[in-house]
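Colleague: I'd like to ask some things about the structure below.
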Amino acid sequence: MMNDLGTMKRRDFLKTTAVTAAAGAALVGCGGETEGPAVQTQPTVRWQLASSYTQAVDILWGNITGLAERVSQLTDGRFTIRPFQGGEIVPGLGVLDAVQNGTVQAGQTASYYYKGKNPVLAFDTAIPFGLTPRQHNAWMYHGGGSDLIGSAYADFNVLHFPCGNTGAQMGGWFRREINSLSDLRGLKMRIPGLGGEVMSRLGVTVQVLNPGEIYTALERGALDAAEWVGPYDDEKLGFHKVTRNYYYPGWWEPSASIALLVNRQAYDALPPTYQEALMTAAAEANSTMLARYDARNTEALVRLIDQGVTPKPFPDDLMEASLTAAREVLDEQAAALPEYAAMLSAYRQWRTESFRWFTTAEQTYARFLPA
Amino acid sequence: MNRRSFLKPSAPYIQTAPTVRWRLASSFSRSLDTIYGAAEVLAERVSALTDGKFQIRAYPGGEIVPGLGVLDAVQQGTTQIGHTAGYYYIGKNPALAFDTSVPFGLNVHQYNAWLQASGMDLLRSLFADFNVINLPGGNTGVQMGGWFREPIESLSDMQGLKMRIPGMGGKVMDELGVTVQVLASGDIYPALERGTIDATEWTGPYDDEKLGFFKVAPHYYYPGWWEPGPGLSFYINQQAWDQLPSTYQHALTAAAEQASLDMVNKYDAKNPPALRRLLDQGVQVTPFPEDLMQAAYETSIALMEQEASADPAYARIYRDYMDWRAATARWLGTTHQTYANFAFERLSV
C-alpha cells in the first residue's frame, strides 16, 4: 500500500510538471503520441569493471567496451562503466574475487576459471561434449540454466549474466600430424581446464602457459601442440608460422559462454532502470559477440588456408576415446559433489533432447549446404 | 565541459524525458506465440529501459493493419513500428527476400554473421526507399519440411502432390511438379484431414504440434530448405525514429537485439520437447530424399539467377549473400559441423 501511494504521488507530480513544461512541445503525427517532457531525477553512477581479457583478443575486449558504451547510451550518460584489461587493476583470473569483495562492481570473465572454487561453475562456460551456442543460450534463458548458475554464484555475493560466446572453438595446432589416438601419447600440449583433464587421460602431458608464452614454446618444440580459440584469434598469435596442422573440433569447447559478473550490493544500489539497462546490454552483447566471431573466423580461415594451413578433423578413435574419458571425468566429479551431480543430470537431460532436435532440420540442412 | 562538471557531483540531477506512445503492427497472430511474442518482449524491454516513458503497444496481424500490410503501414506512418518479414513484400522489391530468407540460404549463424559483415548495410539501403529503418526481430531456425499423408521416397513421389506451401518455396515446388496451394492457417488442418491437400508445411515441432497435423499426416519431413533460418525484422518509420530522443533510439536498438536473440532461444527451448512428444505419438521423422534435395537446390538457384539477371539491385545483394554463404559454410563446416556430426547422434539416445 505504501508503495502504491508513493507511486501515485510521484506520478501526479510528473503529470503536472509535464503539462507546464510541455506547452509548446506538441509532437503528434508520425512520431506517435508524445506527452513529455517529464522531470525526473537519476543519479550519476560510475563503476569499474575488471576483465579477464586484454585488447589482444579484440572481439572479447570489444564486447565489454561495447556493453559499457550501450549502458551509458541507455542512461543518457549517467551510468558509466569503465572496463580494465586483465592485469591492469586485477589479475585476469582474479575477477571473481574482485567482484565478490567489491574491489570492482563488475567483471567480464569465463566462469570455468573458477571451478577450483566450485566445479559447478564450469557449466556456465563449456564442458567437453556440451551444448552448442544456440543450445546453451536456450538452456540459460529458457531451460533453467540461469537459475542453476545463479544459485552457484549467490554463494559468492555475485549476480551473473551471459554476455558473449566465442562459438565452437578449434582443436588446436600440432607440430606433427595426428593420425590416430596413439599419436597423442606423450605429446606436450597446452590445454587448460576440463579439456586438459580429459587429454591427460588420453596420455597427453598437459601444460598450462600464458598466451604470451605459447608461441615461443611451440616454435622451440617445448610444446608439441597448443589450443587457443579459433582462426581469428589464433592467426594473430602466429601459430600457423610454426605448423600447418590445424585440427578440429575443439570438443572441450563446443561453445564458450562469457559471463558478466556483478557485485550484489552494487547491483541492489542501482535504480531499476539502470539494472534493466545492464540486463539488456548484456543480452545484446551476447548476441553480437557470436555473430562477430562467426564473421571474423570465416574471413580468417580463408586467409589461413591461403597461407598453406590444412584444417583437419581429429581421427575417429581419438574422438571416441575423448568422449569416453570426458564422461568419466564428469561422472567422477558428480560422485564427489551432490550439487555437481544435480547440475550434470539437468544438463545432460537438456542436451539429449536438444541434440535430438538439432540432428533433424538444422544438422541435415547444414550438411547439405554446399561450401 | 559545463555539462560534465554538472554531472560530477553524485547527487541526483534533473533530466527531462518525454512520454512517447507508439503502435506496433505485427504480421503475426497471437497463436504463433513465439514469433508474435517478440513484439511484446520488445515493448516490455523498451518500457523497462525508459522507466515506462516510451510505450509500445503491439497489435496482432489484422487488428489495425492486415498481416501483409505492415510495410505499407510503417512507410506511411499509420503505425510507427511493425514486426514482419521482408519476404512478404517481394512484389514491391524482390531483393527484400534477403531480409528474411531464400531457398538454400543462410542458417541462423550465417545470417547473423552476414548482418555484422555486410548484410545490415545492404538491407538498410533497401529499406531507405521505403522510409524505413530495419532492426533484427528474431529467427525461427531451420524450419521443418512439413507433414505428408504418404511417405515420400523419391522426387517422383512429389509429382501431382497437392501441398500447401506459400512464397518462394512454393515456386520451387511448382517447378518440381507439385500442385501448390495457399491456404490460411485455420483452413490447413481440415483440408489435410479430408485429403483436399496431401501435404503442408508450417514451422517446426512446437508450432506444428498445436495445429494437430500429426493426427492426419504422420510423415514429418526435414529440412525446410526454403526457410533455413528466416529472419524476422522490426521496421520503424524514419520520421518517427528521427523524433525520438537518442536515449530512446538506443533503447529500441538494444531491445530489438535482445528480443531477436530471445526468439531463437525460445524456439530452441520449445522445439526439442515438442519433437519428443511427436515421436512418442508415432510420428515418422525423416529426411527428404537426396534426389529431391538436389533437384530443389538446382531449381532454387536457377530461379534466383534468373531474377538476378533481370534486376541489377537484386543481383548485387544476391551475390553478396551467396558469397557469404560459401565462405561461412567453409568455417562452419570445420569445427561446428564436425562436432555436430559426431556428438548429436551419439548423445541424443
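For the record, the sequence lines run as chains B and F.
Residue numbering for the first sequence follows the working numbering, starting at 1 and increasing by one per position.
Residue numbering for the second sequence follows the working numbering, starting at 1001 and increasing by one per position.
C-beta: ideal position from N, C-alpha, C; glycine also.
#1: State the DSSP-derived secondary structure class of B/Thr364, mapped to helix, strand or coil.
#2: Using a Cβ-Cβ distance under 8 Å, would F/Asn1093 count as near chain B?
#3: Check for me: the beta strand (DSSP E) holding F/Tyr1220 runs from which residue to which?
#4: Got a sec? Which residues, its chain only, sit under 8 Å from B/Asn179 by beta carbon, not counting five neighbours each side?
#5: Between the beta-carbon of B/Tyr293 and the beta-carbon of B/Gly196, is there less than 8 Å?
#6: Tell me the DSSP secondary structure of F/Leu1332 in three-state form.
#7: Check each candidate in F/Glu1153, F/Ala1254, F/Gly1062 and name the one with the smallest Cα separation from F/Glu1290.
#8: Check the DSSP bridge columns for F/Gly1082 and list the partner residues they point to.
#9: Alpha carbon to alpha carbon, what distance is there between F/Asp1268 and F/Ala1025?
#10: Using DSSP's beta-bridge definition, name the partner residues of B/Ser257.
#11: Are the CB atoms of B/Phe129 and B/Leu260 nearer to each other than 8 Å?
#12: Would B/Gln55 count as contacting chain F if we go by Cβ distances under 8 Å?
#13: With a cut-off of 8 Å, does the C-beta of B/Ala291 fall near any C-beta of chain F?
#14: Could you give the first and the last residue of the continuous beta strand (DSSP E) run that contains F/Ile1056?
#15: Do B/Gly167 and B/Pro133 have their beta-carbon atoms positioned less than 8 Å apart in this structure?
#16: Can you pull the chain B neighbours of F/Val1065, defined as C-beta to C-beta under 8 Å?
#17: Go ahead and pull the three-state DSSP assignment for B/Ile89.
#18: B/Ser151 lies in the alpha helix (DSSP H); which residues open and close that run?
#19: Cα separation between F/Ser1309 and B/Ile305?
#20: By the three-class DSSP mapping on this structure, what secondary structure does B/Tyr247 have?
#21: Are there three or more Cβ pairs, one per stretch, closer than 8 Å when the segment 148-155 of chain B is compared with the segment 210-224 of chain B?
#22: Taking Cβ-Cβ distances shorter than 9 Å, what residues in chain D pair up with F/Val1108?
#23: Does DSSP put F/Gly1137 in a helix, a strand or coil?
#24: Where does F/Ala1313 fall in DSSP's three states?
#25: Tell me whether the segment 171-189 of chain B and the segment 80-94 of chain B touch, counting them as touching only if at least three CB pairs, one residue from each stretch, are closer than 8 Å.
#26: Can you tell me whether B/Ser257 is buried or exposed? The criterion is at least 16 other CB atoms within 10 Å of its CB, across all chains shown.
#27: Select from B/Tyr247, B/Arg303, B/Gly145 the residue whose C-alpha is nearest the C-alpha of B/Tyr232.
#28: Do F/Phe1098 and F/Leu1123 have their C-beta atoms within less than 8 Å of each other?
#29: Go ahead and pull the three-state DSSP assignment for F/Gln1076.
#30: By DSSP's criteria, B/Trp252 is part of a beta bridge. Which residues make up the other side?
#31: Curious, which full-length alpha helix (DSSP H) runs of at least 4 residues does the segment 290-355 of chain B contain?
#32: Can you list, in chain order, the stretches of the alpha helix (DSSP H) that have 4 or more residues and sit fully within the segment 95-130 of chain B?
#33: May I ask whether a heavy atom of the ligand GTP can be found less than 7 Å away from the beta carbon of F/Gly1069?
#34: Which class does B/Leu237 belong to by DSSP, given the choice of helix, strand or coil?
#35: Taking the Cβ atom as the reference point for each residue, do F/Ser947 and F/Gly1086 lie within a distance shorter than 8 Å?
#36: Below 8 Å on the Cβ atoms is my guess for B/Tyr248 versus F/Thr1338; work out the distance and round it to an integer in Å.
Modeller: The relevant details are as follows:
#1: Looking up residue 364 of chain B in the first sequence gives position 364. B/Thr364 falls in the helix class under three-state DSSP.
#2: Your numbering for residue 1093 of chain F matches position 93 in the second sequence. False, the Cβ-Cβ gap to chain B never drops below 8 Å.
#3: Taking the second sequence and counting its residues from 1, one reaches residue 1220 of chain F at position 220. Its beta strand (DSSP E) spans residues 1219-1222.
#4: As a first step, residue 179 of chain B is located in the first sequence; it is residue number 179 there, counting from the start. Taken in chain order, the residues that qualify are Pro315.
#5: If you number the first sequence from 1, residue 293 of chain B lands on position 293. If you number the first sequence from 1, residue 196 of chain B lands on position 196. No. Outside cutoff.
#6: Within the second sequence, the letter at position 332 stands for residue 1332 of chain F. In the structure shown, F/Leu1332 sits in a helix (DSSP, three-state: H, G or I).
#7: Position 290 of the second sequence, counted from the start, is the residue given in the question as residue 1290 of chain F. With distances taken between Cα atoms, F/Glu1290 lies closest to F/Glu1153.
#8: The residue you call residue 1082 of chain F lines up with position 82 of the second sequence. Looking at the DSSP assignment, F/Gly1082 forms a beta bridge with F/Ala1025, F/Tyr1235.
#9: For the purposes of this step, residue 1025 of chain F is identified with residue 25 of the second sequence, where counting begins at 1. For the purposes of this step, residue 1268 of chain F is identified with residue 268 of the second sequence, where counting begins at 1. Each residue's alpha carbon lies about 25 Å from the other.
#10: Here residue 257 of chain B refers to the residue found at position 257 when the first sequence is read from its first residue. Answer by DSSP bridge pairing, in chain order: B/Asn165.
#11: Taking the first sequence and counting its residues from 1, the one referred to as residue 129 of chain B is at position 129. Taking the first sequence and counting its residues from 1, the one referred to as residue 260 of chain B is at position 260. Contact annotation: B/Phe129 and B/Leu260 have beta-carbon atoms that are not nearer than 8 Å.
#12: The sequence position of residue 55 of chain B within the first sequence is 55, counting from 1. False, the Cβ-Cβ gap to chain F never drops below 8 Å.
#13: By 1-based counting over the first sequence, the position of residue 291 of chain B is 291. By this cut-off, B/Ala291 is an interface position.
#14: Taking the first residue of the second sequence as position 1, residue 1056 of chain F is located at position 56. First-last of the beta strand (DSSP E) with F/Ile1056: 1054-1059.
#15: Taking the first sequence and counting its residues from 1, the one referred to as residue 133 of chain B is at position 133. Taking the first sequence and counting its residues from 1, the one referred to as residue 167 of chain B is at position 167. In contact: B/Pro133 and B/Gly167 (Cβ atoms closer than 8 Å).
#16: The sequence position of residue 1065 of chain F within the second sequence is 65, counting from 1. Result: empty, since nearest Cβ-Cβ is about 15 Å, beyond 8 Å.
#17: Translated into the one-based positions of the first sequence, residue 89 of chain B becomes position 89. Three-state result, B/Ile89: coil.
#18: Here residue 151 of chain B refers to the residue found at position 151 when the first sequence is read from its first residue. First-last of the alpha helix (DSSP H) with B/Ser151: 145-154.
#19: Here the question's residue 1309 of chain F lines up with position 309 in the second sequence. Here the question's residue 305 of chain B lines up with position 305 in the first sequence. When rounded, the distance between both Cα atoms is 32 Å.
#20: Reading the first sequence from its first residue, position 247 is the one you call residue 247 of chain B. It is a strand residue.
#21: no
#22: No chain D is present in this structure, whose protein chains are B and F.
#23: As a working note, residue 1137 of chain F is residue 137 in the second sequence. Of the three classes helix, strand and coil, the one that applies to F/Gly1137 here is strand, per DSSP.
#24: Taking the second sequence and counting its residues from 1, one reaches residue 1313 of chain F at position 313. The answer is helix: DSSP assigns F/Ala1313 an H, G or I state.
#25: Because the criterion of three Cβ pairs below 8 Å is not met, the segment 171-189 of chain B and the segment 80-94 of chain B do not touch.
#26: Residue 257 of chain B sits at position 257 when you count from the first residue of the first sequence. When all chains shown are included, B/Ser257 counts as buried.
#27: Here the question's residue 232 of chain B lines up with position 232 in the first sequence. Per the Cα distances, B/Arg303.
#28: Mapped onto the second sequence, residue 1098 of chain F falls at position 98. Mapped onto the second sequence, residue 1123 of chain F falls at position 123. Yes, they are a contact pair.
#29: Within the second sequence, the letter at position 76 stands for residue 1076 of chain F. Under the three-state reduction of DSSP, F/Gln1076 is assigned to helix.
#30: The residue you call residue 252 of chain B lines up with position 252 of the first sequence. Answer is none; B/Trp252 lacks a bridge partner.
#31: 316-336
#32: 95-101, 122-125
#33: Absent from the structure shown: the ligand GTP. Ligands present: none.
#34: Taking the first residue of the first sequence as position 1, residue 237 of chain B is located at position 237. Residue state, collapsed to three classes: helix.
#35: Residue 947 of chain F is absent from the structure shown; chain F starts at 1001 and stops at 1349.
#36: Position 248 of the first sequence holds residue 248 of chain B. Position 338 of the second sequence holds residue 1338 of chain F. Indeed, because the Cβ distance is near 6 Å, the residues count as touching under 8 Å.
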